[in-house]
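A.B. asks: Let me begin by handing over the structure; questions about it come next.
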Amino acid sequence: MTQGILYIVATPIGNLQDCSMRAIQILKQVDLIAAEDTRHSRRLLDQFGITTPLYALHEHNEYHHSQTLTSRLLSGTSIALISDAGTPLISDPGYYLVAACHQAGIVVSPIPGASALISALSAAGMPADRFVFEGFLAAKSGARCKQLEALRQESRTLVFYETPHRIVDSVADMIAIFGAAREVVMARELTKVYETIHRSSLGELFQWLQQDTQQQKGEFVLVIAGAPPQSNEEIPAEAVRIFHLLREELPLKQAAKLTSQITGIHRNQLYALGLQENPKETGE
Numbered sequence: 001m002t003q004g005i006l007y008i009v010a011t012p013i014g015n016l017q018d019c020s021m022r023a024i025q026i027l028k029q030v031d032l033i034a035a036e037d038t039r040h041s042r043r044l045l046d047q048f049g050i051t052t053p054l055y056a057l058h059e060h061n062e063y064h065h066s067q068t069l070t071s072r073l074l075s076g077t078s079i080a081l082i083s084d085a086g087t088p089l090i091s092d093p094g095y096y097l098v099a100a101c102h103q104a105g106i107v108v109s110p111i112p113g114a115s116a117l118i119s120a121l122s123a124a125g126m127p128a129d130r131f132v133f134e135g136f137l138a139a140k141s142g143a144r145c146k147q148l149e150a151l152r153q154e155s156r157t158l159v160f161y162e163t164p165h166r167i168v169d170s171v172a173d174m175i176a177i178f179g180a181a182r183e184v185v186m187a188r189e190l191t192k193v194y195e196t197i198h199r200s201s202l203g204e205l206f207q208w209l210q211q212d213t214q215q216q217k218g219e220f221v222l223v224i225a226g227a228p229p230q231s232n233e234e235i236p237a238e239a240v241r242i243f244h245l246l247r248e249e250l251p252l253k254q255a256a257k258l259t260s261q262i263t264g265i266h267r268n269q270l271y272a273l274g275l276q277e278n279p280k281e282t283g284e
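In terms of the UniProt record's numbering, the sequence shown is residues 1 to 284.
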């Protein structure tokens, strides 16, 4: 018996015209659509005359139901996986099902389309050749600040999702960790009627959100500039002394790592200092 195929189908994040012809065709042809919220998805499918049966697969049941769907795929059923909006698995359920399919040798085929992450990044005007996607931050400030602290020295562009009831508090925590001057782009309600793309500093964004409560509504993507490179002159003299002592006995990478653990100076900054002092250093 021929196995079914699991299609990962991207759906619009707002504007229905963003649904591709191929996505519509696949959703009509498959035997079953696994959806995060069947009521929400049925409204979308009705817009395109899609009558394929729906199967609820969300964060609370996907671990147990993935085996059921995998068995159906093995028996020849073709299934499309969709989320409430955008590309499935990007901060949405589906990981267990896709992993189970790969383990069972089932073909997994992506049907690309809208993604809030990529849409925001493409319109932000920040370096996008290398970036870090953190999804949704923790709900409580203490845990959220710990996550942000781990990213304080990250030089790549940072991308976060956020909800309307946490946006102001999250920006406040970002100011506390990254500083008010760090550049940010807030992309709100992408592709929808009230789409807003606002570029400013974190401090200015915080004030703007407080002054206009309408801007606190909707779905958010925050694109934040990476940490600026620190000059070697900013390394405290004591840290430089320790680094040089360790360099007498250890390779550059190990010396930078150990000095970082002792002094708190980021190891990349120390590594750069070592290369500056000895450009022929291999780092090993």
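Where is the CB? At the ideal position from N, CA and C, for every residue including glycine.
#1: On the premise that A128 lies in contact with T157, defined as a C-beta separation below 8 Å, what is that separation, rounded to the nearest angstrom?
#2: Out of E249, A176, L258, D18, which has the shortest C-alpha to C-alpha gap to P112?
#3: Name the two residues that bound the continuous alpha helix (DSSP H) containing F178.
#4: Return the CA-CA distance between Y96 and I79, expressed in angstroms with no decimal places.
#5: Let's see if you can read the secondary structure: which residues bound the alpha helix (DSSP H) around V98?
#6: Would you say the segment 92-108 touches the segment 134-153, given that touching needs at least three Cβ pairs under 8 Å?
#7: Take E132 as the anchor and find which of H65, V108, A227 has the nearest alpha-carbon.
#8: Excluding five sequence neighbours on each side, which residues of the same chain lie with their C-beta closer than 8 Å to the C-beta of T259?
#9: Below 8 Å CB to CB, which residues in the same chain sit around S109 once its five sequence neighbours on both sides are set aside?
#10: In the DSSP output, which residue or residues are listed as bridge partners for S109?
#11: Does the beta-carbon distance from A85 to A187 come in below 8 Å?
#12: With DSSP as the reference, label R72 as helix, strand or coil.
#13: Give every residue of the same chain whose Cβ lies closer than 7 Å to the Cβ of H40, excluding the five residues on either side of it in the sequence, and list them in chain order.
#14: Just grab the DSSP bridge partners of H198 for me.
#15: Compute the Euclidean distance between the alpha carbons of G283 and L190, then round it to the nearest angstrom.
#16: Relative to the C-alpha of K217, which candidate in S201, Y194, L252 has its C-alpha closest?
#17: Do you know whose CA, among K140, S20, E62, T2, lies nearest T77's CA?
#18: Let's test the definition: count the other Cβ atoms within 10 Å of the Cβ of T11 and tell me whether it reaches 16, buried, or not, exposed.
C.D. replies: Quick answer:
#1: In the sequence shown, residue 157 corresponds to position 157, counting from 1. In the sequence shown, residue 128 corresponds to position 128, counting from 1. At roughly 7 Å, the Cβ-Cβ gap stays under 8 Å, so T157 and A128 are in contact.
#2: For the purposes of this step, residue 112 is taken as the residue at position 112 of the sequence shown. If we check each option's Cα against that of P112, D18 comes out closest.
#3: Stepping through the sequence shown from its first residue, residue 178 is reached at position 178. Start and end: 167-178.
#4: By 1-based counting over the sequence shown, the position of residue 96 is 96. By 1-based counting over the sequence shown, the position of residue 79 is 79. About 15 Å.
#5: The count along the sequence shown starts at 1 and reaches residue 98 at position 98. 95-104 is the extent of the alpha helix (DSSP H) around V98.
#6: no
#7: Taking the sequence shown and counting its residues from 1, one reaches residue 132 at position 132. Checking the sequence shown, residue 132 turns out to be Val, not Glu. Minimum Cα distance to V132 is reached at A227.
#8: The count along the sequence shown starts at 1 and reaches residue 259 at position 259. Closer than 8 Å at the Cβ level, and outside the excluded window around T259, lie A239, I242, F243, L246, I265, R267, L270.
#9: Working through the sequence shown from its first residue, we reach residue 109 at position 109. Excluding sequence neighbours, S109 sits near I5, L6, Y7, I8.
#10: For this step, residue 109 is matched to residue 109 along the sequence shown. Partner(s): Y7.
#11: As a position in the sequence shown, residue 85 is number 85, starting the count at 1. As a position in the sequence shown, residue 187 is number 187, starting the count at 1. No.
#12: Counted from its first residue, the sequence shown places residue 72 at position 72. Reduced to three states, the DSSP call for R72 is helix.
#13: Working through the sequence shown from its first residue, we reach residue 40 at position 40. The residues are D84.
#14: Taking the sequence shown and counting its residues from 1, one reaches residue 198 at position 198. DSSP, once it has assigned bridges, lists M186 as partnering H198.
#15: Against the sequence shown, residue 283 aligns to sequence position 283. Against the sequence shown, residue 190 aligns to sequence position 190. Confidence is the limiting factor: at G283 the pLDDT is only 49, short of 50, which leaves the residue's position unreliable, though a coordinate-based value still follows. Each residue's Cα considered, the two are about 44 Å apart.
#16: The residue labelled residue 217 in the question sits at position 217 within the sequence shown. Ranking the options by Cα distance to K217, first place goes to Y194.
#17: Translated into the one-based positions of the sequence shown, residue 77 becomes position 77. Checking every option, the nearest Cα to that of T77 belongs to T2.
#18: Counted from its first residue, the sequence shown places residue 11 at position 11. When all chains shown are included, T11 counts as buried.
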